[in-house]
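Remarks on the structure that follows.
Residue numbers (the numbering used here), protein chains in the order written: chain A, 1 to 71; chain B, 101 to 171.
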């Protein structure tokens, strides 16, 4: 069974940005798939077990972007 | 002695775009230096001998961008 979590990333402007975020988030242990939508900034993370949001935040920041503040 | 030519590239939105253009244009035979300004799109090419504009155009397009139409 897989867990799916969705985040919103701000600051991505092009396909290279998408690739950078995908690469960093995809490198988190347990992550099986990362889907990034450039237009909306929506990042969907599929993993075998729940991934700590702090790890996702760190990966996004490592790529050079930021998570949108949660409402 | 070096030749310097300046072009305007449209479509670059971030540092990754700058890096892609620099890499492709820098790979043209004879090119010694490429300076790219993201904000203006200005690309300055320094080479040992004049570089054919068609080669610069092709390199920019290979990177996924376009030369601005000349006035």
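All C-beta atoms in this analysis are idealised placements derived from N, C-alpha and C, irrespective of residue type, glycine included.
query = What residue range is occupied by the uninterrupted alpha helix (DSSP H) comprising residue 49 of chain A?
reply = Where residue 49 of chain A is concerned, there is no enclosing alpha helix (DSSP H), given that its DSSP letter is neither H nor E.
Beta carbon proximity, residue 13 of chain A to chain B, threshold 7 Å = Yes - at least one Cβ of chain B is within 7 Å of the one on residue 13 of chain A.
key: Given residue 69 of chain A as reference, the closest of A/1, A/4, A/2, A/10 once Cα atoms are compared   = For the residues A/1, A/4, A/2, A/10, the minimum Cα distance to residue 69 of chain A belongs to A/10.
task = Determine, using beta carbons only, whether residue 146 of chain B and residue 106 of chain B come nearer to each other than 7 Å.
result = No.
inquiry  = Given a cut-off of 7 Å on the beta-carbon distance, is the pair residue 159 of chain B and residue 134 of chain B in contact?
reply    = Against a cut-off of 7 Å, the Cβ pair of residue 134 of chain B and residue 159 of chain B comes out as no contact.
query = Quick one: Cα of residue 112 of chain B to Cα of residue 103 of chain B, how far?
reply = Cα to Cα, the separation comes out at about 25 Å.
ask   = If you draw a straight line from the C-alpha of residue 48 of chain A to the C-alpha of residue 56 of chain A, how long is it?
value = Straight-line measurement puts the Cα of residue 56 of chain A at about 15 Å from the Cα of residue 48 of chain A.
Within chain A, the residues that residue 120 of chain B reaches when beta carbons sit closer than 8 Å = By Cβ distance, chain A contributes 16.
ask   = So, is the C-beta of residue 140 of chain B closer than 7 Å to a C-beta in chain E?
value = The chain inventory of the structure shown lacks chain E, comprising the protein chains A and B.
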